[in-house]
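Here the structure is laid out as structure tokens; the discussion comes afterwards.
2 protein chains.
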Amino acid sequence: MHVNEQLLQWFNEHEGQFVSGQQLSQHLGISRTAVWKRIKKLEKQGYQFESAPKLGYRLIRKLLPLQVDWLKLQLQGNPFAREIHWLDRVDSTQTRAHQAYIAGATEGTVILAEQQHAGRGRFGREWHSPAGTGIYMSLILCPRIPLAQATHMTLLISVSLCRAIRKLTGANVTIKWPNDLLIKGYKISGILVDTIAEADQVKTMIAGIGISVNMDLEDFPEPLRAKATSLKIATGHNLSREQLIISFFKQFEELYAIYLTKGFAPIRHLWEALTSTLQSHVVVTTPQGQVAGLAEGITENGALRVRDQQGQVHTLYSGDLAWSP
Amino acid sequence: MHVNEQLLQWFNEHEGQFVSGQQLSQHLGISRTAVWKRIKKLEKQGYQFESAPKLGYRLIRKLLPLQVDWLKLQLQGNPFAREIHWLDRVDSTQTRAHQAYIAGATEGTVILAEQQHAGRGRFGREWHSPAGTGIYMSLILCPRIPLAQATHMTLLISVSLCRAIRKLTGANVTIKWPNDLLIKGYKISGILVDTIAEADQVKTMIAGIGISVNMDLEDFPEPLRAKATSLKIATGHNLSREQLIISFFKQFEELYAIYLTKGFAPIRHLWEALTSTLQSHVVVTTPQGQVAGLAEGITENGALRVRDQQGQVHTLYSGDLAWSP
Chain S
7 MHVNEQLLQW
17 FNEHEGQFVS
27 GQQLSQHLGI
37 SRTAVWKRIK
47 KLEKQGYQFE
57 SAPKLGYRLI
67 RKLLPLQVDW
77 LKLQLQGNPF
87 AREIHWLDRV
97 DSTQTRAHQA
107 YIAGATEGTV
117 ILAEQQHAGR
127 GRFGREWHSP
137 AGTGIYMSLI
147 LCPRIPLAQA
157 THMTLLISVS
167 LCRAIRKLTG
177 ANVTIKWPND
187 LLIKGYKISG
197 ILVDTIAEAD
207 QVKTMIAGIG
217 ISVNMDLEDF
227 PEPLRAKATS
237 LKIATGHNLS
247 REQLIISFFK
257 QFEELYAIYL
267 TKGFAPIRHL
277 WEALTSTLQS
287 HVVVTTPQGQ
297 VAGLAEGITE
307 NGALRVRDQQ
317 GQVHTLYSGD
327 LAWSP
Chain A
7 MHVNEQLLQW
17 FNEHEGQFVS
27 GQQLSQHLGI
37 SRTAVWKRIK
47 KLEKQGYQFE
57 SAPKLGYRLI
67 RKLLPLQVDW
77 LKLQLQGNPF
87 AREIHWLDRV
97 DSTQTRAHQA
107 YIAGATEGTV
117 ILAEQQHAGR
127 GRFGREWHSP
137 AGTGIYMSLI
147 LCPRIPLAQA
157 THMTLLISVS
167 LCRAIRKLTG
177 ANVTIKWPND
187 LLIKGYKISG
197 ILVDTIAEAD
207 QVKTMIAGIG
217 ISVNMDLEDF
227 PEPLRAKATS
237 LKIATGHNLS
247 REQLIISFFK
257 QFEELYAIYL
267 TKGFAPIRHL
277 WEALTSTLQS
287 HVVVTTPQGQ
297 VAGLAEGITE
307 NGALRVRDQQ
317 GQVHTLYSGD
327 LAWSP
């Protein structure tokens, strides 16, 4: 057993009690400084300890793993969650889903992890993924859509997730173009859809979804705190991660059916109703340079239309968006 | 050595001479019927034999492999042909390029084969690829373009190839939407671009190009002959495959630079000038059903606009096109 697990087991066996550094040091056969370092490390993973001089440490918050069996039961029949793979700690669910796809996994395969140590957002940016408090999930999808419409998927997922969160929490979650969800201007979720296409048809999409659910502010590393939030911080109470996952899949199944039968127009209307990006002044940094102006709308491909001061309209397919000061 | 190679070596050693079935049978240690079967098989691969009663067989057309060293020399400095891998017989260059990509190959990697035994077109359709007479080639490209514009690449390659062939042969080659080149209504080339995208940016494209160059009509299996052609059949003489490859890469480098600096508009104009699809009555079979009408133009995504009898305009992202009778 790994030292961290031995440490946690010891705390579990002494639930609610203080355990001295001395005891732990003897039990684990490591120095008291090493014990202290381990505790700090566990705290970074989302555990919380109370420490008191002379008394030692007491575990005050234990993280429950996702109740995967219950998830599977509730999602029975949902074509996008046919096969749920739960993992404890991974590099990134997106990497694992890519590997699963190469090994033959098909639509409906879901990779869920408690914790990621190399979670990533767009452009390979790090996505902070502490244990047990967030949702880190990747879906394998095989939509029969043309390559030219592949960009619809990020918007479809954003709308589904935004509706699921609003329904469960009542929080005023909004969509920020192109792929984030915000509460009061802070990011609570990022969506990243990778695409594999054969000729002019999409073959497979791998959709990564990260959601900050039950983190306290202290769960984020210092440099991230100023910009971080979670559903718990925003609403003041814990939210069942399982409920949120179930709710997302229900929304997604429903909206996807609408998309297949009625096209992108109804999804676009929902997106426009849920976004905080439109009718505001923005600066978008694209690979080709910066564009500043009024965000007027999105095209039928999900590109952002920005009208600059000279009245020229720019169609932006990709970029980082900030609001003008 | 494989029996076929022993057979070919024997013919090479007896260049211009007739070799009797009896001699071959003794030399190879197989029956005369087996010799005859081998000869038939080689004929299917593009070799030509003259056979005469009592005299036996004489090899009258030998296929020269691609002069890869010369190709490499001529393409020095071309960023899309930095590393040329020549293979004799493969399943499909496209499959090999995908494997090379997964193993770490980057932009400028080219896979060339003399012969494919599982060449494929769109929707996994077979692409007849006899030895030594065609060009079977896959390119690894890493264009920094948004996913929403991935469809441009097929058109960019079509235009490059069409111009290269016209320049070398003077033949009236035209582009058929979405991905074929035709001479007098017959297909001489197919283009198949696979896409791998991360979030809203294209990461890698693998472009497969098949060209029927020096086939005679007899090189095609009976069922394909009615619809088959080659540059040789169309123009009446052999064409250097190397020259054609070099010319394609030069065109592609030039047009790609224009695309990156000036966008899709100039490429679209070139495409429209070279296509035989526009201003004609077509029937397009799409995954969603058939659309018949006048092909009016292409959109800025390369989708075909077809106006039906009721005046409604359909935007088609994918499909099989046939001309109305």
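Sequence order for the protein chains is S and A.
Under this note's numbering, think of the first position of the first sequence as 7, with each following residue one higher.
Under this note's numbering, think of the first position of the second sequence as 7, with each following residue one higher.
From the three backbone atoms N, C-alpha and C, an ideal C-beta is built for every residue, glycine too.
Keep in mind that this is a model prediction, so the values were computed, not measured.
For K173 of chain A, there is no enclosing beta strand (DSSP E); the enclosing alpha helix (DSSP H) covers residues H158 to T175. The Cβ-Cβ distance between E132 of chain A and G138 of chain A does not fall below 9 Å. Relative to Q121 of chain A, the option among A:V312, A:S218 and A:A271 whose CA is nearest is A:S218. The stretch 210–290 of chain A is shown to contain whole alpha helix (DSSP H) runs of 4 or more residues at 228–231, 237–241, 247–268 and 271–280, in chain order. Interface with chain A (9 Å Cβ-Cβ cutoff): A156 of chain S is included. For the stretch 136–166 of chain A, the residues whose beta carbon sits under 9 Å from a beta carbon of chain S are, in order, R150, I151, P152, L153, A154, Q155, A156, T157 and T160. Pairing K47 of chain S with L153 of chain S, the inter-Cα distance amounts to about 45 Å. Assigned with DSSP and collapsed to three states, Q316 of chain A falls in coil, not helix or strand. The Cβ of Q207 of chain S sits closer than 9 Å to at least one Cβ of chain A. Going by DSSP, Q122 of chain A is part of no alpha helix (DSSP H) but of the beta strand (DSSP E) stretching over T115 to Q122.
Note: A111 of chain S is not bridge-paired with any residue in the DSSP secondary-structure output. Taken through DSSP and simplified to helix, strand or coil, A154 of chain S comes out as helix.
Straight across, the Cα-Cα distance linking Y53 of chain A with F86 of chain S is about 52 Å. Its chain contains L223 as the residues whose beta carbon lies nearer than 8 Å to that of R231 of chain S, once the 5 sequence neighbours on both sides are disregarded; these appear in chain order.
Shortest Cα-Cα distance from I304 of chain S to any of S:A279, S:P293, S:Q294 and S:T291 involves S:A279.
Taking C-beta atoms as the reference points, T281 of chain A and T180 of chain A count as a pair closer than 9 Å. In the DSSP assignment, D75 of chain A falls within the alpha helix (DSSP H) that extends over V74 to Q80. In the three-state scheme derived from DSSP, where H, G and I count as helix and E and B as strand, W42 of chain A is classed as helix. Contact of T201 of chain A with chain S is assigned, a C-beta pair being separated by under 9 Å.
Residue state for Q23 of chain A is assigned as coil, using DSSP reduced to three classes. With its beta carbon at least 9 Å from every one in chain A, G110 of chain S lies outside the interface.
Counting of Cβ neighbours within 10 angstroms places E302 of chain S among the exposed residues, the total staying below 16.
DSSP places G196 of chain A inside the beta strand (DSSP E), whose first and last residues are Y192 to E204.
Residue burial annotation: R247 of chain A is buried, with at least 16 other C-beta atoms found within 10 angstroms of its C-beta. Linking S286 of chain S to L300 of chain S through their CA atoms gives a straight-line distance of about 6 Å. Straight-line spacing of the CA atoms in L250 of chain S and A170 of chain S works out to 7 Å. Rounded to the nearest whole angstrom, the C-alpha separation of S57 of chain A and W16 of chain A is 16 Å. By the neighbour-count criterion, in which a residue is buried when 16 or more other Cβ atoms sit within 10 angstroms of its Cβ, E204 of chain S is buried. Annotation for S144 of chain S: the continuous beta strand (DSSP E) segment containing it runs G140 to L147. Those residues of the stretch 306–325 of chain S placed with their C-beta closer than 8 Å to a C-beta in chain A are N307, G308, A309, Y323 and S324, ordered along the chain.
Listed along chain A is no residue with a C-beta nearer than 7 Å to that of P272 of chain S; the closest approach is about 17 Å.
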